[in-house]
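Just so you know, we're using the working numbering here: the sequence shown kicks off at 1 and counts up by one. All C-beta atoms, glycine included, are put in the ideal place defined by N, C-alpha and C. This structure is a prediction, so every number in the text was calculated from the model and none was measured.
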Amino acid sequence: MPMVFAVICGIISLAALVISIRSFQEKGFLFNNAYIWASREEREKLDKKPHYRQTAVVFAMICGVFACMAAEILLETGWLLAVEGVLVAAMLVYAIKSSIDQEKGA
């Protein structure tokens with residue numbers, strides 16, 4: 001059963017990696033609340049570059065978290081849990097700080 005969870009975490013990690021790479025390339029759907037909740041007119045005027053970057057960085061961190069989860073499930077090291085915690089904390093701080101910076105710039 002742990003192998004199933006490791007595979008699921010690995011698949012989620014790969015999906016997050018693909019979304020991150022596509023966002024760094026500024027291609028594909030923009031997974032960002034500022035864009036999703038904007039009206040059609042606002043979307044056309046919106047500078048998407050900072051939103052793509054924010055999305056790319058956050059999904060790269062999500063990829064790292066789920067990769068660590070998969071590795072922890074398989075290897076049972078214990079210390080990977082601390083790495084996951086640090087990545088999640090860094091992701092939260094980055095997401096909040098970058099959102100505030102984007103609002104100040106708007």
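Report buried or exposed for residue i, applying the criterion of at least 16 other Cβ atoms within 10 angstroms of its Cβ.
| i | result |
| --- | --- |
| Val86 | exposed |
| Met1 | exposed |
| Asn33 | exposed |
| Leu81 | exposed |
| Leu92 | exposed |
Could you tell me the alpha carbon to alpha carbon distance between residue i and residue j, rounded to whole angstroms?
| i | j | result |
| --- | --- | --- |
| Arg43 | Thr55 | 16 Å |
| Glu103 | Gly28 | 23 Å |
| Leu74 | Leu46 | 43 Å |
| Ile100 | His51 | 12 Å |
| Cys68 | Ser39 | 37 Å |
| Glu41 | Gly105 | 19 Å |
Confirm, please, whether the CB-CB distance from residue j to residue i is below 8 Å.
| i | j | result |
| --- | --- | --- |
| Glu26 | Lys48 | yes |
| Ala70 | Ala6 | yes |
Considering just the uninterrupted stretch of the alpha helix (DSSP H) at residue i, what are its terminal residues?
| i | result |
| --- | --- |
| Trp79 | Trp79 to Gly105 |
| Asn32 | Where Asn32 is concerned, there is no enclosing alpha helix (DSSP H), given that its DSSP letter is neither H nor E. |
| Gln54 | Lys49 to Leu75 |
| Gly10 | Pro2 to Phe24 |
| Lys27 | Looking at the DSSP string, Lys27 is not in any alpha helix (DSSP H), and its letter there is neither H nor E. |
> Touching or not, the segment 17–28 and the segment 53–73, by the rule of three or more beta carbon pairs under 8 Å?
Replying inline: yes
> Touch check for the segment 3–14 and the segment 62–75: three-plus C-beta pairs under 8 Å?
Replying inline: The segment 3–14 vs the segment 62–75: in contact.
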